[in-house]
Amino acid sequence: MRAHKSVLVIGGGIAGIQASLDLANRGLKVYLVERTPSIGGRMAQLDKTFPTMDCSMCILAPKMIEVLRHPNITLLTYSEIEGVTGSVGGFKVKVLKKPRFIDENKCTGCGECAQYCPTEVPNEFDMSLGIRKAIYIPFPQAVPLKYAIDEANCIKCGLCERTCKAQAVDLDQEPETINLNVGAIILATGFELFDIKSISEYGYGKYKDVLSSLEFERLICASGPTGGHLLRLSDGRIPTRVAFIQCVGSRSLRGGVRFCSSSCCVYATKEAILIREHNPECEVYIFYNELKVFGKGFQDFVKRARDEWGVKYVRALPGEVMENPETRDLTISYEDTEENMTKSMTVDLVVLCPALVPRVTNKELAGILGLELDEYGFFKSRDILYAPVDTNKQGIFICGYCQGPKDIPESVAQASGAAAKAAEAIQLTKNKGVR
Amino acid sequence: MKTEPKIVAFLCNWCAYAGADLAGVSRISYPPNIRVIRVMCSGRVDPAFIVGAFEMGADGVFVGGCHPGDCHYISGNLEAEKRIKNTQRLLSMIGLGPERLRLEWISASEGERFAQVITEFTENLRKLGPNPFKAQVNAKSHTDMKKVISEAIKKTNVQYCLECGKCSASCPISKVNNAFSPRRVVERTLLGFEEKVLSGTDVWTCLTCFLCSERCPSDVRFPEFIRDCRRVASQKVMEELCAHRGIPTTLSRMMTNPKIKQDRMDWLPSGAKISARGDTLYFVGCIPYFDVIFENFNLELLKIPQSVVKILNKVGIEPAMLSNEKCCGHDLLWTGDLENFEKLAKTNATDLKKTRATKIVTSCPECYRTFKKDYPEVLGTFDFDVLHISEFLSELIDKGKLKFDAKLSTKVVYHDPCRLGRHMGVYEPPRKVITSIPGVKLLEMPRNRENAICCGVSAFMSCNKYSKEVRADRLKEAKATGADLLVTTCPHCQIHWKCLATEKLPTSSDSVSMDMQDFAVLAAEALH
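Order-wise, the sequence lines are chains R and A.
Going by the numbering used here, the residue at position 406 of the first sequence is 406; the numbering climbs one at a time, nothing skipped.
Going by the numbering used here, the residue at position 175 of the second sequence is 175; the numbering climbs one at a time, nothing skipped.
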């Protein structure tokens, strides 16, 4: 394929998927590079989406399959970018395909190997709440449905090799370098969670029943480690009172990040509704500082949560969470800023909404691509007002959370924008005769 | 012209005052140098009154009470005797000498004796000359309240307050006293009610423990804001809220006097090796004074400097020390007396430079913070490597120069003093030293390191039922760990906790009494 007719998309989350599909549907060749063994990204980890309460996977899975089946898309999972040279219309990209130790062409995804694999490790997809084997697919709807062996944890016993009827296991597989010629590049590397252990007053990492919101998503999700039953991790009890704490590490001039993650107020509302749906007996409190619900329908969504679902909002950021070592109950200290009273509340479960931060690996990637990062670690837009998806380098575009805080609909919209921009860039260079 | 001595006389209502009265009605003449203050009992005379009188320029203080056995309150005069002896020690230490304070038993019928005693005392004071230590009480240059506050709002990030209430939800005082809320203090100030804030008690209630600030997402440095507010807040309110009648700050103010010549080294054990000059200086702090002021708490505070010197000698260091060491000024700074603080800072910097020391070791977290953070700010430069003893020992352990050779069999729990912990970020060195002592098991309270709560009082301000609750709470937390010994690096924590144990509390006294020891003392015990 000629360089000017193809695009590299880095990151297989919802933004990367959307951008790839848009470009492929235009007739351009797309290489979608994903770091983990499956595409899907953060959205795949979510149970429901706001404000419509749609099943997240039900929306995402068809798109993932479409990516896999699309004749114009080459999916390179478990791969990382090693080097990029050239300029718009003619980038030369070196992709390192890490060994899965599985022949992707042979693996049928039957899962027989994983049944026999003796090594159990925490499942990253379930935020380490559940377990997986050393030979695994991250989640049942993984795309491609091909197993991978996690080299760090594999004990090389060879059981999988003997079990696999398709003879797909290849323990001698070597890393492979793939060279691509593309006309444009789109980055969609998404976000990671701020290390909320550093906000030590909330006891995350110390108390088992203090969760991050993404851990909570896995707990309440039917495909999660508890099969969708919301239980306390300490004693397996069904919680009767849950508290959400907003802005853990975000909007912080000290010890956190200075920006608002832009989705927590709404997803906490969604998660609160989910709890009430699962168990109407369970009281839910959301401790917030300001409700930043600015999207279309979001304000109504919060109103519905309050009026119809009985979710209680408390305008306060708690000072600390303390566990009673016997009952494992958690006591939250807060100042009710509407009543001007310092109070405390005992709850069964605390969910922290951490700051969503740009990936630390952005720095390395920016180095490879010659891009600039902004003060927070997001990729820098050429102009935040009129060229948000452009970067300082022509032919390289950004979309989704790696460009700045946003929610799913905004990420999707921006991905389509970046796809259009990438197609345009290729068109322009072609017209100029650059190859 | 020679000035006449001024004498403040505290006379007991029943005996000495009546004796003075008799002298008067009997027309017995005696020098007119005394100003009489009638008290109900000589036992009422607090050392702070005496020290305060000297601070304000009295040349002598006379206390008159009933003869032993005649006290109308059974034993008030005997208490007075103890106190006066104690106060005389304090006066000797600060360099005034014990002679300027006199206690006499004078009965109602001893008019003549009264006149005789006063004549003699006046004569003695004439020989001694005027009191050299007259200090400026609450020396305050004319500060523009509005300006101080508006600068503080900017400097301490108060303007970025999000009103989230995390501060008040963290504050140990707010938890027991709903009327106090850092957030609301900030809110009221930002809304323009600063005068109300400054004339109230809130400014003096804050423990300045930095827990709110540690957690504030907007990096509002509330304790520093409070410190600035105190510069212009009502001194009247402050004086009412001073614990121990403000005697520690009175002594600090007296030390601003350049003529001062203290006698404060008698705690030094024989055989201890120190020098006047040297690379490493040990700054003792106010412990010798505290040992006298808080004598009845049985804290053995002097063991702290003794232990530090022992350890330093053990590793081959003969520390330089100042025989006329002045207070670092911490309490003055945190009670808003910036002017006197600056005076102390300048004197200390000059004295310290003379020793040619490059390294200052302190055993008090307050001195540590003041030297490391506040002196450079106030003086522009303060070119010393300031180390807390825990940091110093931890470094020695790292270099293999210190090894504890005595085995102690004990479980200890470590309390992070606010000045060392949150103010300065020193959490690990004391733990490292404690855990390297053979046989010592270190336990942790649930609220430790940056989440530790304050011992309950700071700068000897606002000792009230709320601060007592905070103290009891911390002691209970320490006790619940099952440790035998509560170890802290700050002598003030010990003073405040022991002070609590002497009080009658609604909680059982058992829950608030716990064996405690200073960090340096523990470390010294682990050395043969």
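Glycine included, C-beta positions come from ideal geometry on N, C-alpha and C.
- prompt: Among R:Phe50, R:Phe301 and R:Lys92, which one has its Cα closest to the Cα of R:Asn179?
  reply: The sequence position of residue 179 of chain R within the first sequence is 179, counting from 1. Minimum Cα distance to R:Asn179 is reached at R:Lys92.
- prompt: For a contact meaning CB atoms closer than 7 Å, what does A:Arg215 contact in chain R?
  reply: Along the second sequence, read from residue 1 onward, the residue named residue 215 of chain A stands at position 215. Chain R residues near A:Arg215: Glu201 and Gly319.
message: Using a 10 Å radius around the Cβ and a threshold of 16 neighbouring Cβ atoms, would you call R:Phe194 buried or exposed?
response: Mapped onto the first sequence, residue 194 of chain R falls at position 194. Result: buried.
- request: Determine, using beta carbons only, whether A:Arg531 and A:Ile74 come nearer to each other than 8 Å.
  value: The question about residue 531 of chain A has no answer, for chain A in this structure spans 1 to 528.
- prompt: Leaving out the 5 sequence neighbours to the left and right, which residues in its chain are closer than 6 Å to R:Val434 when beta-carbon positions are compared?
  reply: Your numbering for residue 434 of chain R matches position 434 in the first sequence. Its pLDDT being 48, under 50, R:Val434 is placed unreliably by the model, and the measurement read from it follows with that caveat. Closer than 6 Å at the Cβ level, and outside the excluded window around R:Val434, lie Gly89.
message: I'd like to know whether the C-beta of A:Lys175 is nearer than 8 Å to at least one C-beta of chain R.
response: Translated into the one-based positions of the second sequence, residue 175 of chain A becomes position 175. True, the Cβ-Cβ gap to chain R drops below 8 Å.
Nearest-angstrom Cα separation, counted from A:Gly456 out to R:Asp329: Against the first sequence, residue 329 of chain R aligns to sequence position 329. Against the second sequence, residue 456 of chain A aligns to sequence position 456. Distance between the alpha carbons of R:Asp329 and A:Gly456 is about 27 Å.
field: Any chain A beta carbon closer than 8 Å to R:Ala188
entry: Your numbering for residue 188 of chain R matches position 188 in the first sequence. By this cut-off, R:Ala188 is not an interface position.
Enclosing alpha helix (DSSP H) for A:Gln494 [first to last residue]: Residue 494 of chain A sits at position 494 when you count from the first residue of the second sequence. Start and end: Pro491 to Ala501.
- prompt: List, in order along the chain, the chain A residues whose C-beta lies closer than 8 Å to that of R:Arg241?
  reply: Counted from its first residue, the first sequence places residue 241 of chain R at position 241. Neighbours of R:Arg241 on chain A: none; closest Cβ ~18 Å, over 8 Å.
field: Separation of A:Leu190 from R:Glu34, as counted between CA atoms
entry: Mapped onto the first sequence, residue 34 of chain R falls at position 34. Mapped onto the second sequence, residue 190 of chain A falls at position 190. Roughly 50 Å between the two C-alpha positions.
field: Coarse secondary structure for R:Val95, derived from DSSP in three states
entry: Residue mapping note: residue 95 of chain R aligns to position 95 of the first sequence, counting from 1. The answer is strand: DSSP assigns R:Val95 an E or B state.
message: Under 8 Å, Cβ to Cβ, is there at least one residue of chain A near R:Glu339?
response: Stepping through the first sequence from its first residue, residue 339 of chain R is reached at position 339. So, not an interface residue.
- request: Identify whether A:Cys455 lies in helix, strand or coil by the three-state DSSP scheme.
  value: Within the second sequence, the letter at position 455 stands for residue 455 of chain A. A:Cys455: coil per DSSP, three-state reduction.
- prompt: Quick one: what does DSSP say A:Ser436 is sitting in, helix, strand or coil?
  reply: As a first step, residue 436 of chain A is located in the second sequence; it is residue number 436 there, counting from the start. In this structure, A:Ser436 counts as coil in the three-state DSSP scheme.
message: With a threshold of 8 Å between beta carbons, is R:Lys421 in contact with chain A?
response: One-based indexing of the first sequence puts residue 421 of chain R at position 421. No - not a single Cβ of chain A is within 8 Å of the one on R:Lys421.
field: Closest Cα partner of R:Lys470 within the set R:Tyr386, R:Pro175 and R:Thr269
entry: Within the shown structure, residues of chain R are numbered from 1 to 435, placing residue 470 of chain R beyond reach of any answer.
- prompt: Beta-carbon of R:Thr346 versus every beta-carbon of chain A: anything under 8 Å?
  reply: Position 346 of the first sequence, counted from the first residue, corresponds to residue 346 of chain R. It does not; no Cβ of chain A falls within 8 Å.
- prompt: From A:Gly129 to A:Lys236, what does the alpha carbon distance come to, in whole angstroms?
  reply: As a first step, residue 129 of chain A is located in the second sequence; it is residue number 129 there, counting from the start. As a first step, residue 236 of chain A is located in the second sequence; it is residue number 236 there, counting from the start. Using only the alpha carbons, I get a separation of about 33 Å.
query: Buried or exposed: where does A:Val487 fall if 16 or more other Cβ atoms within 10 Å of its Cβ makes it buried?
result: Position 487 of the second sequence holds residue 487 of chain A. Under this definition A:Val487 is a buried residue.
- request: Report yes or no: is there a C-beta of chain R within less than 8 Å of the C-beta of A:Cys164?
  value: In the second sequence, residue 164 of chain A corresponds to position 164, counting from 1. Closer than 8 Å: yes.
query: What are the uninterrupted segments assigned as alpha helix (DSSP H) that are 4 or more residues long and contained completely in the region 10 to 64 of chain R, given in chain order?
result: 14 to 25 and 41 to 45
query: How big is the Cα-Cα spacing for A:Gly97 and A:Lys353?
result: Numbered from 1 along the second sequence, position 97 holds the residue referred to as residue 97 of chain A. Numbered from 1 along the second sequence, position 353 holds the residue referred to as residue 353 of chain A. Between A:Gly97 and A:Lys353, the C-alpha separation is close to 28 Å.
field: Nonlocal neighbours in the same chain, by C-beta distance under 6 Å from A:Ala233, ignoring five residues either side
entry: Within the second sequence, residue 233 of chain A is the residue found at index 233, counting from 1. Within the same chain, A:Ala233 has close Cβ partners Leu198 and Val203.
- prompt: Identify the residues that DSSP records as bridge partners of R:Arg241: which are they?
  reply: As a first step, residue 241 of chain R is located in the first sequence; it is residue number 241 there, counting from the start. Note: R:Arg241 sits in a beta bridge opposite R:Glu283.
- prompt: Rounded to a whole number of angstroms, what is the C-alpha to C-alpha distance between R:Tyr334 and A:Val148?
  reply: Residue mapping note: residue 334 of chain R aligns to position 334 of the first sequence, counting from 1. Residue mapping note: residue 148 of chain A aligns to position 148 of the second sequence, counting from 1. Taking the straight line joining both Cα atoms gives about 31 Å.
message: Between which two residues does the beta strand (DSSP E) holding R:Val357 run?
response: Here the question's residue 357 of chain R lines up with position 357 in the first sequence. Run containing R:Val357: Leu356 to Pro358, per the beta strand (DSSP E) assignment.
- prompt: Looking at the C-beta of A:Arg474, does it have a partner C-beta in chain R at a distance below 8 Å?
  reply: Here residue 474 of chain A corresponds to residue number 474 of the second sequence, with the count starting at 1. A:Arg474 does not count as touching chain R.
- prompt: Just how far apart, CA to CA, sit A:Met321 and A:Arg221?
  reply: Locating residue 321 of chain A in the second sequence gives position 321, where the first residue counts as 1. Locating residue 221 of chain A in the second sequence gives position 221, where the first residue counts as 1. Answer to the nearest angstrom: the Cα atoms are 34 Å apart.
message: Could you compute how far the alpha carbon of A:Asp46 sits from the alpha carbon of A:Arg83?
response: For the purposes of this step, residue 46 of chain A is identified with residue 46 of the second sequence, where counting begins at 1. For the purposes of this step, residue 83 of chain A is identified with residue 83 of the second sequence, where counting begins at 1. Distance between the alpha carbons of A:Asp46 and A:Arg83: 8 Å.
- request: Take the Cβ of A:Asn33 as the centre, count every other Cβ of all protein chains shown within 10 Å, and call the residue buried at 16 or more, exposed below.
  value: In the second sequence, counting from the first residue as 1, residue 33 of chain A sits at position 33. With 16 or more other Cβ atoms within 10 Å, it is buried.
message: Give the list of continuous alpha helix (DSSP H) stretches no shorter than 4 residues that lie fully inside the region 137 to 184 of chain A.
response: 145 to 155, 166 to 170 and 172 to 176
query: Would a C-beta distance cut-off of 8 Å place R:Val7 and R:Ala188 closer than the cut-off?
result: Locating residue 7 of chain R in the first sequence gives position 7, counting from the first residue. Locating residue 188 of chain R in the first sequence gives position 188, counting from the first residue. Cβ atoms of R:Val7 and R:Ala188: not closer than 8 Å.
- prompt: What is the DSSP secondary structure of R:Ala272, reduced to helix, strand or coil?
  reply: Residue numbering aside, residue 272 of chain R sits at position 272 when the first sequence is read from its first letter. Helix at R:Ala272.
query: Are R:Cys399 and R:Pro358 close, meaning C-beta to C-beta below 8 Å?
result: Counted from its first residue, the first sequence places residue 399 of chain R at position 399. Counted from its first residue, the first sequence places residue 358 of chain R at position 358. No, they are not a contact pair.
message: Can you check which of these residues, A:Arg100, A:Met255, A:Asp21 and A:Leu527, is closest to A:Leu408 by C-alpha distance?
response: Along the second sequence, one-based indexing puts residue 408 of chain A at 408. The candidate whose alpha carbon is nearest that of A:Leu408 is A:Leu527.
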